[in-house]
Amino acid sequence: MELILVRHGEPQWVRDGLNVNDPVLTKRGGKQAQAVADRLADSSQEPASGPIDRLLVSPAVRAVATSEPIAEATGIDAEVVPWLLEFQLPESWEGQPVEVAREAFARQRTASRADWWEGFEGSETIRDFHKRVTQGAVEALAEAGVRRLDADGLWSVPDDAPERWVAVAHGGTNSTLVSFLLGCDPEPWEWERFNMGHASVAVLSTVELAGAAIWSLRALGDANHLDLDHRTE
């Protein structure tokens, strides 16, 4: 089985100097979304060298907007699944001056690991975010017959498992999935370990080993479908 993780296109986090918690895509972000859609629709090249069985998408506006050209180009209906949603920022940040978020993120950089797990005041905790994403993945895969055997990265993958899923989500969500499926010890800064630019892709494939299967990382942050002046972080 292959899992292709797509990060959404560039979002407009700031409007008129104020924070936006659930932003739309910028004009460049829309072009990024179309570029990744064109790449996924070409089944003659990686990362979608074959049929796509399922297209999952986070309910965030920026992710849904990124998924729309992918659904049109591939002919696969997008399924909105809440567990793919990004780590949720404090609701109180909505409409606040941009400096509020920038200063909070700057302070977080020097916080302890324990404080990182707690997130921001009024936000979802990163601990809860990690649990939501990983449990959601385990349940979705189990419904397709792909089951986690232990905490060390071994999985059971039946012969009739889906060939390829695409998930359109976020830097935090996708990096958490990469870390979890590879069997890494969790960290509250997964997006720093497994960085993905806007509209880039990560690819994981199952490989038979030890009488079971592991997930193998085949690509991370692949943005070869984007011109250099359309690549953003």
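The sequence shown begins at 1274 in the numbering used here and counts up by one. Glycine is no exception: its CB is placed at the ideal position from the N, C-alpha and C atoms.
Legend entry - Buried versus exposed call for GLN1305 [16 or more other C-beta atoms within 10 Å across all chains shown]: buried
Inset, instruction - Indicate whether ASN1294 and LEU1362 have their beta-carbon atoms separated by less than 9 Å. - result: yes
Legend entry - Close beta carbons around ASP1500, own chain, < 7 Å, minus the five adjacent residues each side: none
Legend entry - Backbone CA spacing between ASP1495 and GLY1395 [nearest angstrom]: 34 Å
Inset, instruction - Verify whether the separation of the beta carbon atoms of ALA1440 and LEU1357 is less than 9 Å. - result: yes
Inset, instruction - Provide the residue span of the alpha helix (DSSP H) that contains ILE1343, from first to last. - result: 1334-1347
Inset, instruction - Locate the alpha helix (DSSP H) running through LEU1414, then write down its first and last residues. - result: 1399-1416
Legend entry - Where ALA1384 falls: helix, strand or coil (DSSP): coil
Inset, instruction - Put ALA1434 into one of helix, strand or coil per three-state DSSP. - result: coil
Inset, instruction - Starting from the Cα of HIS1498, find the closest Cα among ALA1424, VAL1279, VAL1373 and give me that residue. - result: VAL1279
Inset, instruction - Return yes when the Cβ of VAL1309 is within less than 9 Å of the Cβ of ALA1472, no when it is not. - result: yes
Inset, instruction - Rank ILE1325, PRO1461, ALA1387 by C-alpha distance to the C-alpha of PHE1402 and give the top, closest one. - result: PRO1461
Inset, instruction - Tell me, please, whether the segment 1311-1329 touches the segment 1345-1354 by the rule of three or more beta-carbon pairs shorter than 8 Å. - result: yes
Inset, instruction - Tell me whether the beta-carbon of TRP1274 lies closer than 9 Å to the beta-carbon of ALA1410. - result: As written in the sequence, residue 1274 is Met, which differs from the Trp given in the question. Taking 9 Å as the Cβ cut-off, MET1274 and ALA1410 do not qualify as a contacting pair.
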